[in-house]
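All remarks here apply to the structure that follows.
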Amino acid sequence: MYVCLCNAVSDKTIKKSIADGATSMRDLYREHNLGNQCGKCCKDVKSILNEELLKL
Ligand code: FES
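Position 11 (the sequence shown) corresponds to 11 in the working numbering; numbering is contiguous.
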């Protein structure tokens, strides 16, 4: 499922980045340009980040 439609970034891609070491919104934004257009994905990305960090 796409989380960021503007940049065609899926939840799977975000989860992989977190598994590979991303620990902050800044890391994810830098890696995938998330939120650089409409910004509607920011809330969902933050939720995924928090959920995934709890699993580590
Ligand atoms: Fe991510 Fe628009 S949905 S910037």
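Backbone N, C-alpha and C fix where the C-beta goes; we use that ideal spot for every residue, glycine too.
This one's a predicted model, so the numbers in the text were calculated from it and none came from an experiment.
- Message: Using a Cβ-Cβ distance cut-off of 8 Å, determine whether Ser10 contacts chain D.
- Response: Among the chains in the structure shown there is no chain D, since it carries only a single protein chain.
- Query: Going by beta carbon distance, what residues of the same chain come within less than 7 Å of Cys41, once the five residues before and after it are set aside?
  - Reply: Indexing the sequence shown from 1 puts residue 41 at position 41. Same-chain partners within the cutoff: Val3, Cys4, Leu34 and Gly35.
- Given a cut-off of 8 Å, decide if Ile48 and Asp88 are closer than it, judged by their beta-carbon atoms. Examination of residue 88 is not possible in this model, given that the chain is present from 1 through 56 alone.
- Item | Contacts around Ile14, its chain only, beta-carbon distance under 7 Å, and the 5 residues preceding and following it disregarded | The sequence position of residue 14 within the sequence shown is 14, counting from 1. Excluding residues within five positions, the ones whose Cβ falls inside 7 Å are Val3, Leu28, Val45 and Ile48.
- Message: Please output, in chain order, the residues near ligand 1 using a CB cut-off of less than 7 Å to any non-hydrogen atom of the ligand.
- Response: Cys4, Leu5, Cys6, Asn7, Leu34, Gly35, Asn36, Gln37, Cys38, Gly39, Lys40 and Cys41
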